[in-house]
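Notes follow once the structure below has been shown.
Residue numbers (this note's numbering): 1 to 183.
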């Protein structure tokens with residue numbers, strides 16, 4: 001399990017000193033509907049490092065920052081010495097939803113999504129979505145984090161959503177007329 005942390009990007013971005021990283025050049029579309037304008041490469045939000053940088057737009061970076069502040073930190077509390085990093089397993093990628101041939105473009109392909117597989121703690125332990133969601137030890141905290149993402153993000157998917165999300169949380173900033181979609 002990788003607990004390495006993205007390093008080297010120190011500036012604040014998106015007009016928020018709690019979001020660390022750097023602005024990136026436009027990513028052109030490889031498929032119709034993909035691409036990222038005005039993107040950022042985020043390495044840290046609210047003092048919590050990302051295990052790999054996340055290429056996303058500022059709305060998504062701000063939502064991730066809000067989730068860490070209002071969802072992750074309160075759910076973890078002092079357990080394991082507190083939150084050290086988030087295990088990022090996906091960010092910008094020009095692809096269809098769930099990699100289905102002929103499907104709609106994923107919000108990942110627009111820089112509006114990030115997938116988190118684990119919350120790494122300062123004592124070296126991890127709260128993984130795959131093993132922790134249904135456990136008595138980490139399940140309640142992970143469920144609180146999942147619920148807290150509903151609002152900052154337009155779409156929140158986890159293990160109860162479908163087979164594609166058993167091992168991670170999918171968060172994106174797509175907005176729907178019917179409101180936030182949380183499963």
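Ideal Cβ positions, reconstructed from N, Cα and C, are used throughout, including at glycine.
Residue nearest to residue i in terms of C-alpha spacing, selected from the options
i: residue 86; options: 179, 122, 154 and 174; result: 122
i: residue 24; options: 43, 33 and 97; result: 43
i: residue 172; options: 67, 137 and 28; result: 67
i: residue 178; options: 162, 163, 155 and 170; result: 155
i: residue 133; options: 120, 59, 102 and 166; result: 166
i: residue 160; options: 182, 40, 46 and 175; result: 182
i: residue 64; options: 26, 82, 124 and 116; result: 116
i: residue 34; options: 49, 153 and 96; result: 96
i: residue 102; options: 17, 46 and 32; result: 32
i: residue 47; options: 82, 137, 22 and 169; result: 82
i: residue 152; options: 14, 45 and 62; result: 62
i: residue 100; options: 164, 17 and 168; result: 164
Three-state class that DSSP yields for residue i in the structure shown
i: residue 175; result: coil
i: residue 9; result: Here the model assigns residue 9 a pLDDT of 49, short of 50, so the residue's position is not dependable and the matter cannot be decided.
i: residue 17; result: strand
i: residue 60; result: helix
i: residue 53; result: strand
i: residue 2; result: At residue 2, the pLDDT of 46 sits below 50, so the modelled position is not reliable; the number obtained from the coordinates is stated separately. Correct three-state label for residue 2: coil.
Residue burial classification, residue i (beta-carbon count within 10 angstroms, cutoff 16)
i: residue 106; result: buried
i: residue 37; result: exposed
i: residue 84; result: buried
i: residue 20; result: buried
i: residue 120; result: buried
i: residue 41; result: buried
i: residue 71; result: buried
Cutoff 7 Å; reference residue i; Cβ partners in own chain excluding five residues on either side
i: residue 30; result: 94
i: residue 139; result: 132 and 133
i: residue 12; result: 19 and 20
i: residue 125; result: 80
i: residue 175; result: 154
Below-8 Å beta-carbon distance, residue i vs any chain B residue
i: residue 80; result: In the structure shown, chain B does not exist; there is a single protein chain.
Own chain partners of residue i with C-beta closer than 8 Å, once the 5 adjacent residues on each side are dropped
i: residue 150; result: 156, 180 and 182
Beta-carbon contacts of residue i that lie in its chain and below 6 Å, excluding the five residues immediately before and after
i: residue 26; result: 37
Checklist entry - Is the region 110-130 close to the region 139-156, with three or more CB pairs under 8 Å? => result yes
Checklist entry - Can we say the region 52-60 touches the region 91-98, given the rule of at least three CB pairs closer than 8 Å? => result yes
Next on the checklist: With three or more beta-carbon pairs closer than 8 Å as the criterion, would you say the region 107-114 touches the region 68-85?
Outcome noted: no
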